[in-house]
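Structure first, then comments.
Residue numbers (our numbering): 370 to 591.
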């Protein structure tokens, strides 16, 4: 089965072995100092640390936002000139409680069922990142799951693509922490979660690839 067929069937796809050990080590070293304190709000709990504004603070994540294999799939899911909506790093510590199911498109007031308006690409920097997914739930109407989900362990160096309409959550975190970098892409006519034309700003944008600059909003649509 092709990657696109699996995405359309299940609502998610795991791409393996995109980051080698050396690349993961470099990313961890760059991103660890950026992580804020745990427990900023109940959604994150005292076990979860998160950082935004990554493009303003490090160039280590640049290859992740325009990875050719990932974008070759996003190109077929969203309209041309789609945008980078948000880029963050999250560390989920051991013992973090389970997170209730939700879908990333829930903030957009467009009735379901419908095609996804966004796609998330979560890069696993270690082997401790776990999700709970409901395969096929991207085709559901506006109703939360009533049956148990399926655990999805992200392999170190892999990337999970999750459609914005897929119901997913997180089980209680096992003994090992999980560190992920997630790039959220959205349709070009939607408001992004981060204002990338304001931060990181034009000086940083000049250091990025032409494709990355377009995804930050330095482009015209349609």
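Where a beta carbon is used, it is the ideal one built from N, C-alpha and C, also for glycine.
Looking at the DSSP output, residue 457 bridges to 551.
The beta-carbon distance between residue 511 and residue 541, rounded to whole angstroms, is 27 Å. This is too long to meet the 8 Å contact definition. Residue 485: not part of any beta strand (DSSP E); DSSP gives it neither H nor E.
Around the beta carbon of residue 530, a 10 Å sphere encloses 16 or more other beta carbons of the protein chains shown; the residue is thus reported as buried.
Here the alpha carbons of residue 535 and residue 471 stand approximately 8 Å from one another.
Annotated as distal: residue 488 and residue 421, with beta-carbon spacing of 9 Å or more. Residue burial is scored here from C-beta neighbours: residue 558 has fewer than 16 other C-beta atoms within 10 angstroms and is therefore classed as exposed.
The residue from 419, 484, 467 and 515 with its alpha-carbon nearest to that of residue 473 is 484. By the Cβ-count criterion, residue 576 is exposed, with fewer than 16 other Cβ atoms from all chains shown falling within 10 Å of its own Cβ. In this structure, the alpha-carbon of residue 524 lies about 22 Å from that of residue 517. In this structure residue 461 is in contact with residue 417, their Cβ atoms being roughly 5 Å apart against a cut-off of 8 Å.
Rounded to the nearest angstrom, the gap between the Cα atoms of residue 431 and residue 424 is 7 Å.
Contact between residue 528 and residue 439 holds, since their C-beta atoms are separated by about 6 Å, short of 8 Å.
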